[in-house]
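Here is the structure we will look at.
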Amino acid sequence: MMRRWIATVAAGLFILIAVPSLRAEEELRLSLAEALRIGLENNLDLVVERKNPAIAGNDVISQESAFDPGLAANATAGGSKSEPENRFVAPGRAKSYGANVSWTDRLQFGSSYAVGFGTARREGAGLFYDPSYNSGVSLNWTMPLLKGFGTEVNTADIVIAREGLEISKSQLSDRAQRTIKEIEDAYWDVLAARAGLDVARESLKLAQDLLDLNTKKVEVGTLAPIEITQAEAGVASREEGVIVAETAVWNAEDNLRRLLAIPPQDPRWNLTIVPTDAPRFDVQAVDLQASIASALERRAELDAARRQVSTRSLAERVARANLKHELNLVADMNPAGNNLKEIIPTPGDDGILGTDDDGADFVTEGWSSSVSEIPKLNNYDWSVELQYKFPIGNRAAKAAAANATLEREKAEASLLNAEQTVRVDVRTAVRNVESGAKRVKAAEASTILQRKTLDAEQKKFDNGMSTSFEVLRIQTDLSNARVAEIRAKLDYMKSLADLERAQGTLLEARGLKLE
């Protein structure tokens with residue numbers, strides 16, 4: 031009797047100590063909507079994925095920079111000194127100063143131009159006109175006529191980079207859809223684990239009640255002592271079940287915390303998560319064809335695959351355009367000016383044409399004179415050139431074009447494969463919703479029948495027509511049926527979310543927006 035009393039007390043203490051009920055301040059009550067919002071903002075997979083559109087955006091800027099104009103400038107100063115060969119020649123000294131500025135630009139249809147301005151000042155070194163100023167403008171225009179001509183060829187890298195940005199956004203959207211699905215699944219897993227723990231505790235209580243009843247019957251001599259042993263075994267088995275169920279709760283909570291990216295030092299790691307939303311079993315009619323149509327239109331990976339086909343097709347056209355020979359038109363114009371001013375002789379009082387004091391026909395003026403001479407086009411040179419180049423065999427361009435065609439064919443095949451995968455994904459999701467509804471109804475019926483069976487077996491046991499073993503077995507069947515019902519309802523909720531994901535509409539269905 032002492033052994034049986036100790037077993038009874040130990041079982042009661044296990045319920046109070048090993049599986050304590052939590053106080054309100056130790057709980058974190060969490061709704062599904064709040065969990066999804068936190069996850070969408072903080073989930074580390076999404077934090078990583080959000081970097082990719084920013085990287086792709088910088089790639090676009092990098093490709094666009096190919097058409098940024100360039101401004102360059104330089105300034106120089108120098109001098110020279112030469113010793114005379116004999117004493118009758120004065121030493122030679124010279125100084126020079128110069129500055130140049132240029133502007134270059136590339137246009138999107140393939141042409142490029144350059145505009146430059148330079149000026150120089152020289153003095154000494156036996157110059158006849160001292161100091162000497164020379165200024166000039168350089169104009170250059172280069173135009174490809176075959177290879178490299180056209181907006182599509184020259185802006186292909188920009189277009190591909192922009193498509194890469196959109197692909198990155200699609201991949202982020204797909205990652206967000208899948209992450210939200212994972213968080214929702216984890217939320218329902220916590221609820222399922224807690225419900226499973228409640229069932230395990232109730233099962234332990236039923237086994238304990240049976241042990242108490244058997245103890246009393248043995249004491250009054252209406253039951254064989256072996257029935258106590260069977261009841262004690264049932265209690266021990268249920269205690270193990272409670273331990274397993276409690277561990278499942280902790281594991282499910284940690285998984286949800288991970289998906290929500292709770293910081294390591296956050297006190298929420300030490301709070302028990304209590305889901306405040308309950309699963310609703312409302313059978314929903316599903317239109318398979320409408321779901322497939324929505325998925326083909328909305329699924330992010332299909333958008334990415336289509337954009338990949340577009341970029342590969344563009345790359346193929348550019349590669350084929352690069353098979354052309356090179357023929358470039360180059361034009362140059364270089365007007366210049368100096369600081370020399372011609373003196374026009376005029377008749378004097380004596381009627382004779384006059385000159386300067388040195389008898390020269392020119393005099394030197396300052397730097398501004400050399401600049402003002404440029405527009406007059408008194409000094410210039412120009413050229414127009416056709417440049418032709420034909421690589422013998424052109425094997426590199428031909429190989430690049432062949433590879434571009436193969437890449438485009440690969441992208442098209444990948445798109446078809448992705449569409450097939452999406453169709454199967456939607457069909458599976460629809461099938462799971464339909465079968466899930468049937469599972470719930472079957473599980474509810476099973477629970478009702480197992481409860482009736484337990485009631486009947488308990489009455490038989492009370493009348494001495496059954497054994498503790500049979501009662502414990504049917505109690506276990508009832509617990510399993512209740513757990514199966516809970517799991518069926520939560521799996522049905524998961525299947526509805528999975529259908530929204532398969533259709534590409536999960537974020538909208540949950541009222542969420544990806545920033």
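The opening residue of the sequence shown carries number 31 in my numbering; numbering runs sequentially from there. Glycine residues also receive a C-beta, built at the ideal position from the N, C-alpha and C atoms.
For ILE292, which three-state DSSP category applies?
coil
When we look at the beta-carbon of ALA447 and count the other beta-carbons within 10 Å, is it buried (16 or more) or exposed?
Looking at the sequence itself, residue 447 is Asn, so the reference to Ala does not match. Label assigned to ASN447: exposed.
Nearest-angstrom Cα distance between LEU357 and ALA429?
21 Å
Sub-7 Å separation of THR134 and ALA144 beta-carbons
yes
Beta-carbon separation of ARG531 and LYS211 under 7 Å?
yes
Determine the extent of the beta strand (DSSP E) in which LYS111 is found, giving its start and end residues.
100-112
Let's test the definition: count the other Cβ atoms within 10 Å of the Cβ of GLY378 and tell me whether it reaches 16, buried, or not, exposed.
Note that GLY378 scores 48 on pLDDT, short of 50, meaning its location in the model is unreliable; the coordinates nonetheless yield the value given after this. GLY378 should be labelled exposed.
Under 7 Å, do ALA291 and ASN72 count as touching if we go by C-beta distance?
yes
Under 7 Å between C-beta atoms of MET173 and SER141:
yes
For VAL460, which residues in the same chain have their Cβ closer than 7 Å to its Cβ, ignoring the five residues on either side in sequence?
VAL316, LEU318, SER321, LEU529
Can you tell me whether DSSP reads GLN417 as helix, strand or coil?
strand
ALA335 versus LEU326 - alpha carbon distance
11 Å
Note down the Cα distance separating LYS246 from THR306, rounded to an integer number of angstroms.
41 Å
Find the nearest neighbour of GLN338 within the set GLU193, ARG481, ALA431, judged by alpha-carbon distance.
GLU193
Taking DSSP's pairing of strands, which residues face ALA150 in a bridge?
GLY128, ASN164
Length of the line joining the Cα atoms of ASP89 and ALA65:
34 Å
For the 8 Å Cβ check, are there 3 or more pairs between the region 289-304 and the region 160-172?
no
Which value, in whole angstroms, describes the spacing of the CA atoms of ASN104 and ALA349?
39 Å
Can you give me the C-alpha to C-alpha distance between SER233 and THR506, rounded to a whole angstrom?
7 Å
Backbone secondary structure at GLU403 - three-state DSSP
coil
Neighbourhood of PHE147 by C-beta, 6 Å cutoff - its chain only, sequence neighbours within 5 removed
VAL131, VAL167
Counting only the same chain and skipping the five closest in sequence on each side, list residues whose C-beta sits under 6 Å from that of LEU101.
TRP133
CB SER240 to CB ALA261, shorter than 7 Å?
Note that residue 240 corresponds to Leu in the displayed sequence, not to Ser. A contact, by the Cβ cut-off of 7 Å.
Could you tell me if MET523 is buried or exposed, where buried requires 16 or more neighbouring beta carbons within 10 angstroms of its beta carbon?
buried
Decide yes or no for the touch test of the region 466-483 against the region 536-544: beta carbon pairs closer than 8 Å, at least 3 of them.
no
Is the Cβ-Cβ distance between LYS519 and VAL470 less than 7 Å?
yes
ASP307 by DSSP, collapsed to three states: which one?
coil
Distance check for SER498 and ALA5, CA to CA, integer angstroms please.
The shown model of the chain, from 31 to 545, leaves out residue 5, and the question about it has no answer.
Within 10 angstroms of its Cβ, does LEU353 collect 16 or more other Cβ (buried), or is it exposed?
exposed
Assigned exposure category for VAL229 - 16 Cβ within 10 Å defines buried:
buried
Backbone CA spacing between LEU526 and THR458 [nearest angstrom]
12 Å
If you measure between the beta carbons of ILE190 and GLU94, is that distance less than 7 Å?
no
Check whether the Cβ of ALA514 lies closer than 6 Å to any heavy atom of the ligand ATP, and answer yes or no.
You won't find the ligand ATP in this model; it holds no ligand whatsoever.
Environment of PRO405 [buried if 16+ CB atoms lie within 10 Å]:
exposed
Can you tell me the Cβ-Cβ gap for ASP411 and ASN170, rounded? I've got them flagged as a contact below 8 Å.
Not a contact, Cβ separation roughly 13 Å.
For GLY154 and ALA124, which I take to be in contact (beta-carbon distance under 8 Å), what is that distance rounded to the nearest angstrom?
4 Å
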